[in-house]
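One structure is given here, and the rest of the page talks about it.
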Amino acid sequence: MSKSDAQTAQAHQSDPYRKTDKGGSNTGNLTETLMEELNCETVFTLPVVGGISESVVVTWILMAMLVLLSIIFVRNLRVENPGKVQLALEAGISWAQDFFEGVIGKENRRYVPYLITVLLYLAAANTIAPLLGFKPPTKDLNVTAGLAIMSMCLIEFSGIRKNGLKHWVKHFAQPIPVVAPIMVLEIVIRPLSLCMRLFGNMLAGFVVLELLKFFVPLIVPIPVSFYFDIFDGLLQAYVFVFLTALFMTEEME
Amino acid sequence: MISINLNLVWNIINLIVLYLLLKHFLIGPVMKVMEQRRQMIEEGFKSAQTAQDDANRLKQEYETALSGAKQESVQLIEDARKSAKAEYDRIISEAGEKADTMLESAKESVLIEREQTMKELKSQIAGLAAASAAKIIGGNADDKESRDLYDQFLKEAGEGDGNADK
Numbered sequence: 002m003s004k005s006d007a008q009t010a011q012a013h014q015s016d017p018y019r020k021t022d023k024g025g026s027n028t029g030n031l032t033e034t035l036m037e038e039l040n041c042e043t044v045f046t047l048p049v050v051g052g053i054s055e056s057v058v059v060t061w062i063l064m065a066m067l068v069l070l071s072i073i074f075v076r077n078l079r080v081e082n083p084g085k086v087q088l089a090l091e092a093g094i095s096w097a098q099d100f101f102e103g104v105i106g107k108e109n110r111r112y113v114p115y116l117i118t119v120l121l122y123l124a125a126a127n128t129i130a131p132l133l134g135f136k137p138p139t140k141d142l143n144v145t146a147g148l149a150i151m152s153m154c155l156i157e158f159s160g161i162r163k164n165g166l167k168h169w170v171k172h173f174a175q176p177i178p179v180v181a182p183i184m185v186l187e188i189v190i191r192p193l194s195l196c197m198r199l200f201g202n203m204l205a206g207f208v209v210l211e212l213l214k215f216f217v218p219l220i221v222p223i224p225v226s227f228y229f230d231i232f233d234g235l236l237q238a239y240v241f242v243f244l245t246a247l248f249m250t251e252e253m254e
Numbered sequence: 003m004i005s006i007n008l009n010l011v012w013n014i015i016n017l018i019v020l021y022l023l024l025k026h027f028l029i030g031p032v033m034k035v036m037e038q039r040r041q042m043i044e045e046g047f048k049s050a051q052t053a054q055d056d057a058n059r060l061k062q063e064y065e066t067a068l069s070g071a072k073q074e075s076v077q078l079i080e081d082a083r084k085s086a087k088a089e090y091d092r093i094i095s096e097a098g099e100k101a102d103t104m105l106e107s108a109k110e111s112v113l114i115e116r117e118q119t120m121k122e123l124k125s126q127i128a129g130l131a132a133a134s135a136a137k138i139i140g141g142n143a144d145d146k147e148s149r150d151l152y153d154q155f156l157k158e159a160g161e162g163d164g165n166a167d168k
């Protein structure tokens, strides 16, 4: 559980400033705490490229964890007589593969590894708050925007690759040329909706949880955290990749 | 709080790097292993199918060979029976022929012998007749002697006849 967060909340409660001043300053204190939690701090600043925010660092940690776990689990794969760990791993991967192939079709299986990567990353990123105590990187708009931009590139690229540039340009004017502006807008709207859905869900969950932790720091946040972080986090990861795959299918028609 | 800045670029780079890493370390190997297993199973099925086909083919061949052998054996027995029958017939007919010839020759030799005996008898009778005639003509006309001569003649002739008849 997010022990450190609970501790900070408690530390805020036992803040001498808060103890002396009640009433009006209480809300001010809450806002301050919330703002502090919501703010994406710049962890360190590199000389040329500038500030590196918290979400990027947490992403690095997540990447290291995912790669390390992959190496550990994949270390001794066997074709015959697979172990239980390998069977579970294969079941997971094949479930994801079947799921994505079911959406985008067997002939477009080259996009499946990317979608699995995003699914794993989002699942890890959304659930990292209760598991390791980091702030989820997906509550930073930069992360969800980056994911959405990648999805946008992938959606348009898959369409162009499948049907050719000419068809891609032409499909904006279908079924009638009047809808062309809307169709062009759709290029941006689709990833924007993906980005905002993920960001909004994670941010809202985070805010609700921080508020709850501020008022009831004991036990009560646990089931709420299970709902907002684990359930909603996994659901949003699923929704993100599912919609990306769906938009790709739409574009490849 | 909500701001888009350069971190967007870092996140995109992170995502691409993560994609490459996971593809290399997780998804690639796992999919490879699954693909290998799938191929192995397919190969197993294929080889089993081939083995079964081979077995069926061999069985067919054996059955054909077996029925051929049966037919051949029947043919052989038939041939043997035929040839044996031919041989038997040949031997029987040969034996019959031989017996016929033997009987014929025996009859012939009996006939010849008889003729020869007849001839001899005739000549002897003729001689006797001549001798007895000479004796009658040249000798004394003695009743007693002539009666003896007749008796002798008749006796000899009777003996000769009896011999010839026998």
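If you read the protein sequences in the order shown, they are chains A and B.
Going by my numbering, the first residue of the first sequence is number 2, and it counts up by one from there.
Going by my numbering, the first residue of the second sequence is number 3, and it counts up by one from there.
C-beta: ideal position from N, C-alpha, C; glycine also.
Asked: Cβ of residue 30 of chain B within 9 angstroms of any chain A Cβ; Found: yes
Asked: Partner residues on chain B for residue 115 of chain A, Cβ-Cβ distance less than 7 angstroms; Found: 21
Asked: Cβ contact (3+ pairs, closer than 8 angstroms) linking the region 204 to 213 of chain A and the region 113 to 125 of chain A; Found: no
Asked: Supposed contact pair residue 136 of chain A and residue 59 of chain A - C-beta distance, whole angstroms, cut 8 angstroms; Found: 7 angstroms
Asked: Proximity below 9 angstroms, CB of residue 120 of chain A to CB of residue 248 of chain A; Found: no
Asked: Partners in chain A for residue 27 of chain B, counting only beta-carbon separations shorter than 8 angstroms; Found: 68, 71, 72, 75
Asked: Stretch pair the region 46 to 55 of chain B + the region 92 to 100 of chain A: three plus CB contacts closer than 8 angstroms; Found: no
Asked: Proximity test, Cβ basis, 9 angstroms: residue 14 of chain A and chain B; Found: Confidence is the limiting factor: at residue 14 of chain A the pLDDT is only 45, short of 50, which leaves the residue's position unreliable and the question unanswerable from this model.
Asked: Contact with chain A by residue 49 of chain B, beta-carbon distance below 9 angstroms; Found: no
Asked: Interface partners of residue 143 of chain A on chain B, CB under 7 angstroms; Found: 6, 7, 9, 10, 13
Asked: Pair within 9 angstroms by beta-carbon distance, residue 47 of chain B and residue 71 of chain A; Found: no
Asked: Residue 178 of chain A versus residue 233 of chain A - alpha carbon distance; Found: 40 angstroms
Asked: Buried versus exposed call for residue 66 of chain B [16 or more other C-beta atoms within 10 Å across all chains shown]; Found: exposed
Asked: Residue 38 of chain B versus residue 74 of chain A - alpha carbon distance; Found: 18 angstroms
Asked: C-beta neighbour in chain B for residue 83 of chain A, strict 9 angstroms; Found: yes
Asked: Inter-residue Cα distance where the pair is residue 176 of chain A and residue 142 of chain A; Found: 35 angstroms
Asked: Counted within 10 angstroms of its Cβ, other Cβ atoms place residue 85 of chain B as buried (16 or more) or exposed; Found: exposed
Asked: Residue 226 of chain A, DSSP secondary structure in three states; Found: helix
Asked: Min CB distance residue 239 of chain A to chain B below 9 angstroms; Found: no
Asked: Residue 215 of chain A vs residue 34 of chain A beta-carbon contact at 9 angstroms; Found: yes
Asked: Coil, strand or helix - residue 22 of chain B by DSSP; Found: helix
Asked: At least three beta-carbon pairs within less than 8 angstroms, the region 102 to 117 of chain B to the region 129 to 140 of chain B; Found: no
Asked: Same chain, Cβ closer than 8 angstroms to residue 24 of chain A, neighbours up to 5 away in sequence not counted; Found: At residue 24 of chain A, the pLDDT of 47 sits below 50, so the modelled position is not reliable and the matter cannot be decided from this model.
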